[in-house]
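Q:
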Amino acid sequence: MLVTFCNATPRRSRENAQSHLDRLSPYFRSSQSVQKAKVHETVEFECNVANLGKNIITWHNVSSGRIIFAGPVNMFQDERLRIEEGGRVLHINEITEYDSGAYKCQVEVKLNPIFLEHHLNVLVFPSPPDGNYVVRSGNDIELICHAEGSPQPIITWRRKVGNKRMLPSGEAEMQTPILRIPGVQRFDAGIFECTAENGVGEPATAELNLQVICKDGAHLEPRGFPIGFGFPDPISLAFADAPIVKLKDRKVYADPGQDEIILECFVYGEPFPEVHWKHQTNGQRPSNSPQSRLFTKMEGNRSILKIKNIDERDYGTYECAAHNNEGTATGEVELTGEPHQPEILSPEDSPTKHSYSLRWSIKSPYRILQQKVNYWELKPTTNHNVQNPHKTREEQRNELHLHSHEQHRLTQARIIENGLYPEINKYIYEVNIPDLKPDRTYVVQVKATNKFHEGDWSEKFLFRTNGRVLGHSVRGKSGLTSLGSKLTPELWTLLIILMASVPRW
């Protein structure tokens with residue numbers, strides 16, 4: 001008897017195993033990445049897929065929305081692009097700044113496609129352009145340094161030629177793409193250097209030559225230009241000029257007992273002037289020693305007077321005087337303990353027709369002794385076009401003129417102190433302005449006085465009284481017509497019903 005034993009796998013078992021394998025979905029073993037590279041370098045992105053089976057990998061440029069590889073096919077025949085390991089690795093050679101962006105590898109499966117996204121940041125060297133600027137003295141100028149790069153470069157300005165290598169503002173350097181120079185003078189002529197830096201390689205530098213045409217017709221530019229790279233240090237300017245003094249502030253407020261206060265002026269001239277400060281009232285001159293209570297120092301074109309431990313004897317006018325062989329120039333800065341300019345806090349629109357609640361704040365180192373509130377109705381005149389509908393409220397304020405015969409002044413007794421402001425020595429006041437006309441615009445100003453001196457008027461402030469029907473302003477004879485043009489048929493129906501329901505006596 002012959003007995004045969006066979007070892008065989010049932011057909012159904014093989015089908016079940018294959019079905020099980022088919023049910024294993026592809027998934028990524030690699031994770032997304034962010035890569036930084038410089039121009040001309042090579043990057044690679046990994047797309048390690050498990051259970052890929054018969055599925056194919058496609059690569060997409062997300063920024064352009066295009067497929068760059070479908071399986072092994074290079075869709076654009078770009079020789080810089082290639083794939084390895086069946087599409088699991090993408091190489092980009094000789095990258096350019098235009099290659100920045102997102103790249104996606106995607107696997108098409110029966111249910112939903114799966115994808116993995118990578119990001120490429122191409123680091124581009126900044127390249128600011130050189131340039132020449134010509135401007136007439138007295139005009140404003142903007143020196144522009146526009147540098148491309150990735151990351152976006154930081155622009156820094158420095159002065160390469162001129163007085164002590166400082167910018168016209170008196171600072172050694174400024175971080176800004178646009179360097180603004182108001183009222184250009186002949187001593188502003190020179191070489192300005194803008195440096196663009198984004199951490200990619202060495203900083204890039206451009207030089208801009210500012211030439212000034214003076215009122216007498218002279219055309220000034222730095223002398224001593226060498227041929228080739230760089231400039232000698234220092235390069236002098238081919239002229240001499242009398243000093244000019246510019247002030248940052250003409251009035252500086254200070255409290256008694258304040259730790260310190262700084263007064264400053266900006267000085268220009270060729271040769272560079274000597275600078276001296278003095279108190280015009282008592283003739284006191286500060287020293288150059290930082291240990292002194294009053295001392296001065298120079299930072300380029302910027303002269304600083306620092307006063308420590310302020311007391312009343314420090315108040316008054318200080319003179320900044322600059323002198324060279326060509327002449328002398330002075331500027332005056334007032335250090336004061338008077339009340340600060342009041343700040344209006346109340347809204348521009350009054351909820352009432354015949355009155356307005358005015359609120360304001362004032363900072364003062366001494367107790368307020370008196371306040372003045374002036375107001376008047378704003379009326380169009382031939383002198384100022386304040387009713388121009390195309391102008392902003394701020395533009396209208398700047399055009400207002402004070403007509404003494406139209407003013408009204410509130411008495412001190414009406415003003416109410418309404419509490420202490422969160423800031424030290426700053427108080428809030430309130431007053432009700434009565435007897436106003438409805439739907440009119442008024443102008444108001446406030447001024448305060450303390451034991452030291454009378455302060456400045458506040459900025460002119462516009463407010464308007466209420467005079468409205470159903471939320472629409474009724475002005476002049478055409479008011480109802482204007483109202484009607486804005487109502488929809490539904491609102492007209494509602495208005496008729498409301499009018500019909502009003503009792504008649």
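First residue of the sequence shown? That's 1 in full-length UniProt numbering, and the numbers climb one at a time after it. The beta-carbon is built from N, C-alpha and C at its ideal position, and this holds for glycine as well.
1) Flag this pair as yes or no: are the beta carbons of V446 and V333 separated by less than 8 Å?
2) From the DSSP output, read off the bridge partner residues of Y253.
3) Would you list the residues sitting across from S303 in a DSSP beta bridge?
4) Assign W157 to one of three DSSP states: helix, strand, or coil.
5) Let's see if you can read the secondary structure: which residues bound the beta strand (DSSP E) around N132?
6) Is the distance from the Cβ of I362 to the Cβ of H340 below 8 Å?
7) Please tell me whether A102 and H119 are closer than 8 Å, where the distance is taken between their beta carbons.
8) In angstroms with no decimal places, state the Cα-to-Cα distance between P182 and C214.
9) Relative to the C-alpha of T58, which candidate in E79, G86, Q35 has its C-alpha closest?
10) Alpha carbon to alpha carbon, what distance is there between E173 and L305?
11) Is F115 helix, strand or coil by DSSP?
12) Compute the Euclidean distance between the alpha carbons of N450 and D314, then round it to the nearest angstrom.
13) When burial is assigned at 16 or more other CB atoms within 10 Å of the CB, is H279 buried or exposed?
14) Between the C-alpha atoms of P342 and I415, what's the straight-line distance to the nearest angstrom?
15) Could you pull the DSSP bridge partners for P58 from this structure?
16) Starting from the Cα of T330, find the closest Cα among Q371, P365, G269 and give me that residue.
17) State yes or no: is the C-beta of I92 within less than 8 Å of the C-beta of V39?
18) Count the other CB atoms, across all protein chains shown, that sit within 10 Å of the CB of H219; report buried if there are 16 or more and exposed otherwise.
19) How long is the line joining the alpha carbons of D259 and R293, rounded to whole angstroms?
20) I need the straight-line Cα distance from E394 to T176, nearest angstrom please.
21) Near P389, what residues of its chain come up, given a Cβ to Cβ distance below 7 Å and the 5 sequence neighbours on each side ignored?
22) Return yes when at least one heavy atom of the ligand PLP lies under 7 Å from the C-beta of D349, else no.
23) Determine the DSSP secondary structure at E79, reduced to helix, strand or coil.
24) Can you give the Cα-Cα distance for K36 and T42, rounded to whole angstroms?
25) Comparing alpha-carbon positions, which option in E274, G300, E459, N209 lies nearest Y375?
26) May I have the straight-line CA-CA distance separating G65 from G53, to the nearest angstrom?
A: Taking the structure as given:
1) Not in contact: V446 and V333 (Cβ atoms no closer than 8 Å).
2) In the DSSP assignment, Y253 is bridged to T336.
3) In DSSP, S303 forms a bridge with C265, M298.
4) Looking at W157 - three-state DSSP - the assignment turns out to be strand.
5) Looking at the DSSP string, the run of the beta strand (DSSP E) that includes N132 is 131 to 136.
6) Against a cut-off of 8 Å, the Cβ pair of H340 and I362 comes out as a contact.
7) Contact flag set, yes.
8) The C-alpha of C214 is placed about 15 Å away from the C-alpha of P182.
9) Minimum Cα distance to T58 is reached at G86.
10) The straight-line gap separating the alpha-carbon atoms of L305 and E173 is approximately 21 Å.
11) DSSP places F115 in the strand class (E or B) of the three-state scheme.
12) Rounded to whole angstroms, the gap between the alpha carbons of N450 and D314 is 17 Å.
13) H279 is buried by the Cβ-count criterion.
14) Straight-line Cα distance between these residues: approximately 14 Å.
15) Position check: residue 58 holds Thr in this sequence, whereas Pro was assumed. T58 has A70, Q106 as its beta-bridge partners, per DSSP.
16) It is G269 whose Cα lies nearest to the Cα of T330.
17) Not in contact: I92 and V39 (Cβ atoms no closer than 8 Å).
18) Confidence at H219 is low in this model, with a pLDDT of 46, below 50, so its placement is unreliable and the value that follows should be read with caution. The Cβ neighbour count for H219, taken over all protein chains shown within 10 Å, is under 16; the residue is labelled exposed.
19) Approximately 10 Å between the Cα atoms of the pair.
20) Note that E394 scores 44 on pLDDT, short of 50, meaning its location in the model is unreliable and no value can be drawn from it.
21) Low confidence applies to P389: its pLDDT is 37, below 50, so where it sits in the model is not reliable enough to give any reading.
22) Inclusion of the ligand PLP in the displayed structure is not the case, the ligand content being empty and no account of it being possible.
23) When secondary structure is reduced to three states using DSSP, E79 falls in the coil class, being assigned neither helix nor strand.
24) So the alpha carbons of these two residues sit roughly 10 Å apart.
25) Residue E459 is the option with its Cα nearest to Y375.
26) Spanning the two alpha carbons is a distance of roughly 26 Å.
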